[in-house]
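A.B. asks: Just so it is clear: in the sequence shown, position 11 is 1345 by our numbering, and no numbers are missing.
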Amino acid sequence: MKNCLECDEKIIGREDKKFCSDGCRNAYNNKMNKDSTNLMRNINNKLRKNYRILCELNTEGKSKTTKSKLLSKGFDFDYFTSILNTKTGNTYHFLYDQGYLVLENDYYMLVKKDN
């Protein structure tokens, strides 16, 4: 007879069971899958926040905004998921499918990638 990986109680039932209950299975998997450090969790939260801000300001798939508007909503320009350099020399910063291009006079072009 085997013991539960979470609480170490004896397991009753199928031979290949690893947990005594759904609660123990969930607790064990939550421990194993949680962001391993506060650093990762904080970075993921910043990426999510930036993404939400771009989605909120760019409902049409292409729009213009100002740096001050992005900053007032809490946008952090240090966090993005990818950079796209175009043949014309433009550099877009993306958060998943939402991106921005720096324009003149603190303006930003917001774009959405087509899938």
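Glycine included, each C-beta is placed from N, C-alpha and C at the ideal position.
Taking the DSSP output, what are the residues bridged to Met1335?
C.D. replies: Taking the sequence shown and counting its residues from 1, the one referred to as residue 1335 is at position 1. Looking at the DSSP assignment, Met1335 forms no beta bridge with any residue, so it has no partner.
A.B. asks: If Leu1429 and Asn1384 are in contact, beta carbons under 8 Å, what's the gap, nearest whole angstrom?
C.D. replies: Position 95 of the sequence shown, counting from 1, holds the residue named residue 1429. Position 50 of the sequence shown, counting from 1, holds the residue named residue 1384. That belief holds up - the Cβ atoms of Leu1429 and Asn1384 are roughly 5 Å apart, short of 8 Å.
A.B. asks: Identify the residues that DSSP records as bridge partners of Met1366: which are they?
C.D. replies: Along the sequence shown, one-based indexing puts residue 1366 at 32. According to DSSP, Met1366 bridges with nothing at all.
A.B. asks: From the DSSP output, which residues share a beta bridge with Met1296?
C.D. replies: Outside the shown range of the chain (1335 to 1449) lies residue 1296, about which nothing can therefore be said.
A.B. asks: Would you kindly work out how many angstroms separate the C-alpha atoms of Glu1390 and Tyr1442, rounded to a whole number?
C.D. replies: Reading the sequence shown from its first residue, position 56 is the one you call residue 1390. Reading the sequence shown from its first residue, position 108 is the one you call residue 1442. Each residue's alpha carbon lies about 14 Å from the other.
A.B. asks: Would you decide whether Gly1433 is buried or exposed? Buried here means 16 or more other CB atoms lie within 10 Å of its CB.
C.D. replies: Position 99 of the sequence shown, counted from the first residue, corresponds to residue 1433. Under this definition Gly1433 is a buried residue.
A.B. asks: Roughly how many whole angstroms lie between the Cα atoms of Asp1410 and Cys1358?
C.D. replies: Here the question's residue 1410 lines up with position 76 in the sequence shown. Here the question's residue 1358 lines up with position 24 in the sequence shown. The straight-line gap from Cα to Cα measures roughly 39 Å.
A.B. asks: Spell out the partners DSSP gives Phe1428 in its beta bridges.
C.D. replies: On the sequence shown, residue 1428 is found 94 positions in, with the first residue counted as 1. Answer is Ser1416, Gly1433.
A.B. asks: Use the C-beta contact count for Ile1346: other C-beta atoms within 10 angstroms, 16 or more gives buried, fewer gives exposed.
C.D. replies: Reading the sequence shown from its first residue, position 12 is the one you call residue 1346. It counts as exposed.
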